[in-house]
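Q: Residue numbers (the working numbering), protein chains in the order written: chain A, 57 to 168; chain B, 14 to 126. All C-beta atoms, glycine included, are put in the ideal place defined by N, C-alpha and C.
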Amino acid sequence: EAGVTQFPSHSVIEKGQTVTLRCDPISGHDNLYWYRRVMGKEIKFLLHFVKESKQDESGMPNNRFLAERTGGTYSTLKVQPAELEDSGVYFCASSADGNTIYFGEGSWLTVV
Amino acid sequence: AQSVTQPDIHITVSEGASLELRCNYSYGATPYLFWYVQSPGQGLQLLLKYFSGDTLVQGIKGFEAEFKRSQSSFNLRKPSVHWSDAAEYFCAVVARGSYIPTFGRGTSLIVHP
Chain A
57 EAGVTQFPSH SVIEKGQTVT LRCDPISGHD NLYWYRRVMG KEIKFLLHFV
107 KESKQDESGM PNNRFLAERT GGTYSTLKVQ PAELEDSGVY FCASSADGNT
157 IYFGEGSWLT VV
Chain B
14 AQSVTQPDIH ITVSEGASLE LRCNYSYGAT PYLFWYVQSP GQGLQLLLKY
64 FSGDTLVQGI KGFEAEFKRS QSSFNLRKPS VHWSDAAEYF CAVVARGSYI
114 PTFGRGTSLI VHP
C-alpha cells in the first residue's frame, strides 16, 4: 500500500513567485494534515482536513497560504506570493482514525 | 497549558552504547503518545505509539518506549545504537478528543564510531 506522497520533493523559487505543493494521502484516509518545519525550528501544525472540509486552520501563518482538498482526496497547499521566511519543509500527513498519523517525505521549499 | 517537552536538544553516544531520549508532557488526561524519527533528508517515520495498556511499547528498528503516568513521561530507548540511528527524534502527543499532533522540538542524535 502506498504511503503519503508529496510533490515536489524539492523546490527553489524566487521571492514573490507562487508555489503549489501537492499531497496524496493514504487511500481511504479522511484526515489530512499539513505541517511545516522552518530550518532548525519546531514542527508546526498548519491545518487539518476531514474529507474536503477544513476542520482546523488555526496554524496557517497568513493569507498568502491557501490549502484545498477538492473531492476529499489529494490536497494542495499554495503559497502566493512566497517570502524568504516561507522556506522550510512542508509535511503532509494522513490518518484513518485521527489518532495514528502517517507522514510523507516532505516538500523542501527554498525561497531565494 | 498543554505542552510536550524534549529537554535534550543534542545527544551524543558511541556506537553500541545504550540510548534514552526523554519526553515529558503536560496534559489533563493521558494523551496518545508517539515517537517519530527524521533521518537526514527524509520524512518523518513513525517509530512507535502508545494509546493504552502495556506501558512498555515496542517499535521498529529495535526501539522501545515506556509510559510512566506518575512522571508524565514517554522516554524512548534502545539498548545498542547503530550508526544509522543518527537522526532527529520527535516526541508527539495527541490530546484525547483532538486529532492534532503536537510535536516536541526534537532531539538530534549523534553517533560516534
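What is the C-beta distance between Gly117 of chain B and Thr43 of chain B, in whole angstroms, given that I count them as a contact (C-beta under 8 Å)?
A: Looking up residue 117 of chain B in the second sequence gives position 104. Looking up residue 43 of chain B in the second sequence gives position 30. So it is not a contact: roughly 16 Å between Cβ atoms.
Q: I'd like the span of the beta strand (DSSP E) that includes Val26 of chain B, first residue to last.
A: Position 13 of the second sequence, counted from the start, is the residue given in the question as residue 26 of chain B. 23-27 is the extent of the beta strand (DSSP E) around Val26 of chain B.
Q: For the candidate residues A:Glu113, A:Tyr91, A:Asp80, A:Thr156, whose alpha-carbon lies nearest to that of Trp164 of chain A?
A: Position 108 of the first sequence, counting from 1, holds the residue named residue 164 of chain A. Checking every option, the nearest Cα to that of Trp164 of chain A belongs to A:Tyr91.
Q: Give me the subset of the segment 49-64 of chain B whose CB atoms are less than 9 Å from a CB atom of chain A, sorted by chain position.
A: So the close ones are Tyr49, Gln51, Gly54, Gln55, Gly56, Leu57, Gln58, Leu59, Lys62, Phe64.
Q: What residues from the segment 120-132 of chain A come within 8 Å of chain B, judged by C-beta to C-beta, listed N to C?
A: Cβ contacts with chain B come from no residue of the segment 120-132 of chain A.
Q: Below 7 Å on C-beta distance, what does Asp112 of chain A contact in chain B?
A: Residue mapping note: residue 112 of chain A aligns to position 56 of the first sequence, counting from 1. Result: Ile113.
Q: At the 8 Å Cβ level, is Val107 of chain B part of the contact set with chain A, yes or no?
A: To locate residue 107 of chain B, count along the second sequence from 1; it is residue 94. Judged by the 8 Å Cβ criterion, Val107 of chain B is in contact with chain A.
Q: Hey, does Phe76 of chain B have any beta-carbon neighbour from chain A nearer than 8 Å?
A: Position 63 of the second sequence holds residue 76 of chain B. Not closer than 8 Å to any Cβ of chain A, the Cβ of Phe76 of chain B fails to qualify, so no.
Q: Compute the Euclidean distance between the alpha carbons of Ser83 of chain A and Ala58 of chain A, then round it to the nearest angstrom.
A: What you label residue 83 of chain A is simply residue 27 of the first sequence in a count that begins at 1. What you label residue 58 of chain A is simply residue 2 of the first sequence in a count that begins at 1. Rounded to whole angstroms, Ser83 of chain A to Ala58 of chain A spans 8 Å at the Cα level.
Q: If you draw a straight line from the alpha carbon of Phe47 of chain B to that of Trp96 of chain B, how long is it in whole angstroms?
A: Mapped onto the second sequence, residue 47 of chain B falls at position 34. Mapped onto the second sequence, residue 96 of chain B falls at position 83. Those two C-alpha atoms are separated by around 23 Å.
Q: With Gln62 of chain A as the anchor, note down where its beta strand (DSSP E) starts and where it stops.
A: As a first step, residue 62 of chain A is located in the first sequence; it is residue number 6 there, counting from the start. Unbroken beta strand (DSSP E) run through Gln62 of chain A: 61-63.
Q: To the nearest angstrom, how far is the alpha carbon of Gly54 of chain B from that of Gln15 of chain B?
A: Locating residue 54 of chain B in the second sequence gives position 41, where the first residue counts as 1. Locating residue 15 of chain B in the second sequence gives position 2, where the first residue counts as 1. About 30 Å.
Q: Under 9 Å, CB to CB, which of the residues in the segment 84-113 of chain A have a partner in chain B?
A: If the cut-off is 9 Å between Cβ atoms, the segment 84-113 of chain A has Asn87, Tyr89, Tyr91, Arg93, Lys97, Glu98, Ile99, Lys100, Phe101, His104, Val106, Gln111, Asp112 near chain B.
Q: Is the distance from the Cβ of Val180 of chain A to the Cβ of Ser65 of chain A below 8 Å?
A: Any question about residue 180 of chain A goes unanswered here, given that chain A covers just 57 to 168.
Q: Given 8 Å as the limit, is there contact between the segment 125-133 of chain A and the segment 18-38 of chain B, that is, 3 or more CB pairs closer than that?
A: The segment 125-133 of chain A is not in contact with the segment 18-38 of chain B.
Q: Run down chain A in chain order and give the residues with a C-beta less than 7 Å from the C-beta of Tyr45 of chain B.
A: Here residue 45 of chain B refers to the residue found at position 32 of the second sequence. Chain A residues near Tyr45 of chain B: Asn155.
Q: Name the chain A residues whose beta carbon is nearer than 9 Å to that of Phe80 of chain B?
A: The residue you call residue 80 of chain B lines up with position 67 of the second sequence. By Cβ distance, chain A contributes nothing, its closest Cβ being about 15 Å from Phe80 of chain B, past 9 Å.
Q: How many angstroms separate the CA atom of Cys104 of chain B from the CA atom of Gly72 of chain B?
A: In the second sequence, residue 104 of chain B corresponds to position 91, counting from 1. In the second sequence, residue 72 of chain B corresponds to position 59, counting from 1. The alpha-carbon atoms of Cys104 of chain B and Gly72 of chain B are separated by roughly 14 Å.
Q: Do you know offhand how far Val26 of chain B's Cα is from Ala78 of chain B's?
A: Taking the second sequence and counting its residues from 1, the one referred to as residue 26 of chain B is at position 13. Taking the second sequence and counting its residues from 1, the one referred to as residue 78 of chain B is at position 65. When rounded, the distance between both Cα atoms is 18 Å.
Q: Output yes or no for whether 8 Å exceeds the beta carbon distance between Leu60 of chain B and Lys74 of chain B.
A: Along the second sequence, one-based indexing puts residue 60 of chain B at 47. Along the second sequence, one-based indexing puts residue 74 of chain B at 61. Yes.
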